[in-house]
Every structure is written in structure tokens, then in C-alpha cells.
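>
Number of protein chains: 2
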Amino acid sequence: MLTTGEAAKYCGVNFRTVIRWIERGRLKAYKLPGRGDHRIQTQDFVAFLRDNNMPVPPELVGTNNRVLVIEDQPEMAAAIRRTLKRAGYDVEVAKDGFIAGTMLMRHNPALVTLDLKMPGMDGYQVLNFIREQEDHSQVKVLVVSAETREGLARAKTSGADDILPKPFDNSELLAKVSQLIGDGQPVSAQDQLV
Amino acid sequence: MLTTGEAAKYCGVNFRTVIRWIERGRLKAYKLPGRGDHRIQTQDFVAFLRDNNMPVPPELVGTNNRVLVIEDQPEMAAAIRRTLKRAGYDVEVAKDGFIAGTMLMRHNPALVTLDLKMPGMDGYQVLNFIREQEDHSQVKVLVVSAETREGLARAKTSGADDILPKPFDNSELLAKVSQLIGDGQPVSAQDQLV
DNA sequence: TGATATAATGTCATGATTGACAGGTTAGAT
DNA sequence: ATCTAACCTGTCAATCATGACATTATATCA
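For the protein sequence lines, the chains are Y and P, in the order given. The first sequence runs 342 to 535 under the numbering used here. The second sequence runs 342 to 535 under the numbering used here.
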């Protein structure tokens, strides 16, 4: 939730200009009853920035170091979790599709590792679904799978940001994750601003 | 029921501001005897948000008539959907666990019909999971299944509000649903208007 | 090219609301 | 019964909205 002044700083313009954008309907916002202050929801502001090819401040893009691991094999899940935790990421594990779905919505992770082969879940469909979701179209998806080369290629066309064939080294995993969302250690505690 | 602090977070303002709104009669609330804490009824708060064209958080939309149908068999899903739609409910269908999870979080339904036997999803686990979730512990769960009597009993202990053995009549379905969350037709459509 | 019109943005002053802080109290949890 | 987190009140500084006007950028036309 942002005020006009904060939004103005992010854009490098005068707050008067932000108000005018709002008045013209370019930027979505609502008014408070008292003085008529504007409040801009962070997601609307980010959408606005993206629409106009403006740089998006990292602290507005959710919490950068949160990873959701969608994986039903306990050992594999534990291994990924351990590796990422050690590197400083905030890791959640979902061992079935339902829980994965709720966690995606609830925790709004920066990255999801997705096992394509989970019982009762079509990984490709999940990929498509995530990409269709307004709110989560920005989340990075790293497909982790023992699929064939064709399957992995198909995953890429379905919206995966990167793929990691099983088996893999921890270093490979970390390299891919950090390439997609940066290092696990938060740059500063201010990233947690609400 | 909300405190000033909670309302403040929803609006993106300081709690002091919320108190001022209350003092000026813009927002309805009442005081507790002790410290003079304010308590705001959810419906009053939602009405306030609507009056001022402010976004209404989905989890506050109290008595809605939204139903989420978790069912992987297309014919069965269509049948339930049709029946409930006709009765005036707002129906969403999820055909796998992942989508079901996201929809539960996104649409905040008043009731979920849950097929216990879905591939890759342990219905009992889902039940437990829903009950553990802070935000959604209020949602009613109607288990719809061809399970054995023991299985259905177990579902009840896992947190199901009611069970409906397959096969069933439409009238049975409607009876159970309306018993759990009331009739499908909103009491008055104007309640939802701006 | 150069001149003019139009739109967008920045600046300033005023008035009102909101946020921050400090000190005291209690609701809710254990 | 105790403890912590959250709440209330009052005050004052910071912030925001508004309107008027200056300045800059863009478009249009001769």
C-alpha cells in the first residue's frame, strides 16, 4: 500500500504528477474518506511500472528469497530444502498439489521448484495455470524433473523459466535459483516492508 | 469483528486514523468498557469500504454463497455444478488438487465439496490441512464420496462438516448444502451493491 | 525550419488530515 | 496469576490535496 508521495519517489517525479496519473485513470488507486488521500496497492503500482517499462524496485516485488518446493518424494524434498535453506532462502515444501496451490497463494514465493511427475497433477497444466494467474505471473518456475529431453523442452514452452534434470548437484540447483531470483541472503531487512 | 489495528492494516493507514474515522461517525464501531477499545463489525467495515470505493479483501466478504467443487470426474463435477448453479449458488470447479488449493485461497468460498478419492490427493490430509489454516477454518466442507462407511466416518473425524455418499439425488445435495451455508439466493442483491 | 498550440510536469502557498511518539492501561494468552 | 502485545489518548510535526501559475516537452501547421 503506497501513498502518492512514496509512489512519486519511486518514479522520480513530483507527487502532483502521480495524482494526475490517478485522475486520468493511468494508475489505479482509491481514496480515503478524510482528506481524500490516495492509496495505491503495491500490485497495481507494480503493474503500472511494468506497463510503462519502468524499473521495478526489488522491495516491491514480494519477498525475494522465498522459495516453494513442490515435490512429493520426501528425500528429494528434504535435500532441496536443506540446500536452499543453507544458502539463506526461505523455503516451504508442499508435498501434494492442493497444499502447493494454497501455499503459492499464501506465501507468494519468488520462485517455485516444480516436480513435473507428481501423482494426480499434470505439471504442464500447473505451469500453464500459474502463467495465467494475474497475481503470480511473475513467479519464477524452476522445473526439477527426471523427464525426457522432450518433456523438459515442453516444460519450457509451457512457461518454465529454467529446467534442472535429475539427478543434479546442489551447486547446480543453487546456480539456477540464484540466477533466477538472486542470492538467498536478503540485501537488507527493509525488504520486508508491507 | 475487527480491532482498529486490523482495520488500519486493511486500509493502509495508521490506527490513529481509523479511530478518528470512528469518532467522526464515518465508520461504525462500538467501545469496550475497559480501555475503550473499539470493535468494528466486519459487515460495517465492508460497508464502509464499499461506500468509499475501497478494495474489499476477499476474506472479509462474510456470508457469501460461493461454493468450490473439488472433483476430478468431469460428469460428476458438471452435475454438481449445474444443480448448485440452478439453486443460485456461485460455483467454481477445480479438477485437480493444485487448482483447488489456489481457488480455495483466492475465492474464499463458504463451502467446499470434496471428493475424497482424487488421484495424488489424500482427501483426509486435505481436510486436516484446511482445518489447520487460520483463514479458512470457517469454510464448510461437504465430503462427496463413494467411500465405505468407515471411510466416511473417518472423514467426519478429520473435520468434514457433513458427508454425502455417492450416488446421491440432487435434492439431497441441495439439502445438505443449504443446511450448511443457507440458501443460494442472496438475501438481497442490494447488499452487494456499491 | 520556425512558430504556435497543446499537453504534461514542476513549484508554491494554504488548509486539513494523517503519522509518530510517549505514557498509561487492558485484553488475550499461557 | 502473570506476562506480553496491542490498544487508547493527547500533542505536534510531517504529509497530502488543491488551485494557480510557471516551465518544459510534444505535436501541428505554415
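We put the CB at the ideal spot given by N, CA and C, even for glycine.
(1) Span of the beta strand (DSSP E) holding Arg407(P)?
(2) Mind pulling the chain Y residues with CB within less than 7 Å of Gly346(P)?
(3) Report the rounded CA-to-CA distance for Pro450(Y) versus Val408(Y), giving the unit in angstroms.
(4) Using beta carbons (cut-off 8 Å, strictly below), is Gln382(Y) in contact with chain P?
(5) Under 9 Å, CB to CB, which of the residues in the segment 394-411 of chain Y have a partner in chain P?
(6) Which residues, in chain order, does the segment 501-521 of chain Y contribute to contact with chain P at a C-beta distance below 7 Å?
(7) In its own chain, which residues sit with a C-beta less than 8 Å from the C-beta of Met342(Y), not counting the 5 before and 5 after it?
(8) Comparing alpha-carbon positions, which option in Val485(P), Ala388(P) and Met444(P) lies nearest Lys507(P)?
(9) Apart from the five residues just before and just after Ala441(Y), which ones in its own chain have a Cβ nearer than 6 Å to its Cβ?
(10) Please determine, among Pro396(Y), Lys372(Y) and Phe386(Y), the residue with the shortest C-alpha to C-alpha distance to Arg391(P).
(11) Mind listing the chain Y neighbours of Met446(P)? Cutoff is C-beta to C-beta under 7 Å, in chain order.
(12) Determine which residues of the segment 454-467 of chain Y have a Cβ less than 8 Å from any Cβ of chain P, and write them out in chain order.
(13) Short check: CB of Leu521(Y) to CB of Leu468(Y), under 8 Å?
(14) Within 8 Å of any Cβ in chain Y, is that where the Cβ of Phe386(P) sits?
(15) In its own chain, which residues sit with a C-beta less than 7 Å from the C-beta of Phe356(Y), not counting the 5 before and 5 after it?
(16) Do Gly461(Y) and Met462(P) have their C-beta atoms within less than 8 Å of each other?
(17) For Leu452(P) and Val480(P), which I take to be in contact (beta-carbon distance under 8 Å), what is that distance rounded to the nearest angstrom?
(18) Judging by CA-CA distance, which residue of Asp378(Y), Pro398(Y), Ala419(Y) and Arg367(Y) is the nearest neighbour of Asn511(Y)?
(19) Using a threshold of 8 Å, state whether the C-beta atoms of Leu493(Y) and Ile504(Y) are closer than that.
(20) Considering just the uninterrupted stretch of the alpha helix (DSSP H) at Lys436(Y), what are its terminal residues?
(21) Quickly, what does DSSP pair Lys481(Y) with across the bridge? List them, please.
(22) Who are the neighbours of Val354(P) on chain Y, taking C-beta pairs under 7 Å?
(23) Could you please tell me which residues of the segment 407-440 of chain Y, in chain order, have their CB closer than 7 Å to any CB of chain P?
(24) In this structure, does DSSP put Lys458(Y) in helix, strand or coil?
(25) Rank Trp362(Y), Val432(Y), Pro399(Y) and Gly438(Y) by C-alpha distance to the C-alpha of Ile471(Y) and give the top, closest one.
(26) Thinking C-alpha only, which one of Glu364(Y), Pro399(Y) and Gly377(Y) is nearest Tyr351(Y)?
(27) Would you grab the beta carbon distance between Leu538(Y) and Gly353(Y) for me? Rounded to a whole angstrom, and I think it's under 8 Å.
(28) In this structure, does DSSP put Pro506(P) in helix, strand or coil?
(29) In chain order, what residues of the same chain lie with their CB nearer than 8 Å to the CB of Lys517(Y), ignoring the 5 residues before and after it?
(30) Out of Pro374(Y), Gly464(Y) and Val359(Y), point me to the one whose CA is closest to Ile368(Y)'s CA.
(31) Ordered along the chain, which non-local residues of its own chain (more than five positions away) have a Cβ less than 8 Å from that of Val397(Y)?
(32) Give a yes or no on whether the C-beta atoms belonging to Asp413(P) and Met459(P) are separated by under 8 Å.
Let's see:
(1) Looking up residue 407(P) in the second sequence gives position 66. Arg407(P) -> beta strand (DSSP E) spans Arg407 to Ile411.
(2) As a first step, residue 346(P) must be located in the second sequence, where it is residue number 5. Residues of chain Y passing the Cβ test: none, with the nearest at roughly 13 Å.
(3) The sequence position of residue 450(Y) within the first sequence is 109, counting from 1. The sequence position of residue 408(Y) within the first sequence is 67, counting from 1. Whole-angstrom Cα-Cα distance: 5 Å.
(4) Translated into the one-based positions of the first sequence, residue 382(Y) becomes position 41. Taking Cβ atoms only, chain P reaches closer than 8 Å to Gln382(Y), which makes this a yes.
(5) Ile411
(6) none
(7) Residue numbering aside, residue 342(Y) sits at position 1 when the first sequence is read from its first letter. For Met342(Y), where only same-chain residues beyond five positions count, the Cβ hits under 8 Å are Arg380, Ile381, Gln382, Thr383 and Val535.
(8) Locating residue 507(P) in the second sequence gives position 166, where the first residue counts as 1. The candidate whose alpha carbon is nearest that of Lys507(P) is Val485(P).
(9) Within the first sequence, the letter at position 100 stands for residue 441(Y). Excluding residues within five positions, the ones whose Cβ falls inside 6 Å are Ile411 and Ala435.
(10) By one-based count along the second sequence, residue 391(P) stands at place 50. Checked all of Pro396(Y), Lys372(Y) and Phe386(Y); the closest Cα to Arg391(P) is Lys372(Y).
(11) As a first step, residue 446(P) is located in the second sequence; it is residue number 105 there, counting from the start. Under the 7 Å cutoff, chain Y gives Thr443, Met446 and Arg447.
(12) So the close ones are Met459, Pro460, Gly461, Met462, Asp463, Gln466 and Val467.
(13) In the first sequence, residue 521(Y) corresponds to position 180, counting from 1. In the first sequence, residue 468(Y) corresponds to position 127, counting from 1. Their beta carbons are not under 8 Å apart, which means Leu521(Y) does not touch Leu468(Y) by this criterion.
(14) Residue numbering aside, residue 386(P) sits at position 45 when the second sequence is read from its first letter. Phe386(P) does not count as touching chain Y.
(15) Taking the first residue of the first sequence as 1, we reach residue 356(Y) at position 15. Taken in chain order, the residues that qualify are Thr345, Gly346 and Ala349.
(16) The sequence position of residue 461(Y) within the first sequence is 120, counting from 1. The sequence position of residue 462(P) within the second sequence is 121, counting from 1. In this structure, Met462(P) lies closer than 8 Å to Gly461(Y) by Cβ.
(17) In the second sequence, the residue the question calls residue 452(P) occupies position 111. In the second sequence, the residue the question calls residue 480(P) occupies position 139. So it is a contact: roughly 7 Å between Cβ atoms.
(18) Mapped onto the first sequence, residue 511(Y) falls at position 170. Checked all of Asp378(Y), Pro398(Y), Ala419(Y) and Arg367(Y); the closest Cα to Asn511(Y) is Ala419(Y).
(19) Within the first sequence, numbered from 1, the residue matching residue 493(Y) stands at position 152. Within the first sequence, numbered from 1, the residue matching residue 504(Y) stands at position 163. Cβ atoms of Leu493(Y) and Ile504(Y): closer than 8 Å.
(20) Reading the first sequence from its first residue, position 95 is the one you call residue 436(Y). Looking at the DSSP string, Lys436(Y) is not in any alpha helix (DSSP H), and its letter there is neither H nor E.
(21) Mapped onto the first sequence, residue 481(Y) falls at position 140. Lys481(Y) is bridged to Leu452(Y).
(22) By one-based count along the second sequence, residue 354(P) stands at place 13. By Cβ distance, chain Y contributes Leu373.
(23) Within the segment 407-440 of chain Y, those residues whose Cβ lies closer than 7 Å to any Cβ of chain P are, in chain order, Asp437, Gly438, Phe439 and Ile440.
(24) Locating residue 458(Y) in the first sequence gives position 117, counting from the first residue. Strand at Lys458(Y).
(25) Position 130 of the first sequence holds residue 471(Y). Considering only alpha carbons, the answer is Gly438(Y).
(26) As a position in the first sequence, residue 351(Y) is number 10, starting the count at 1. Here the closest residue by C-alpha is Pro399(Y).
(27) Residue 538(Y) is absent from the structure shown; chain Y starts at 342 and stops at 535.
(28) The sequence position of residue 506(P) within the second sequence is 165, counting from 1. Note: Pro506(P) maps to strand in three-state DSSP.
(29) Counting from one through the first sequence, the residue named residue 517(Y) turns up at place 176. Answer for Lys517(Y): Leu483, Asp503 and Leu505, listed in chain order.
(30) Looking up residue 368(Y) in the first sequence gives position 27. Going by the sequence as given, residue 368(Y) is Leu instead of Ile. It is Val359(Y) whose Cα lies nearest to the Cα of Leu368(Y).
(31) As a working note, residue 397(Y) is residue 56 in the first sequence. Excluding residues within five positions, the ones whose Cβ falls inside 8 Å are Val387, Leu390 and Arg391.
(32) To locate residue 413(P), count along the second sequence from 1; it is residue 72. To locate residue 459(P), count along the second sequence from 1; it is residue 118. Yes, the Cβ-Cβ distance between Asp413(P) and Met459(P) is below 8 Å.
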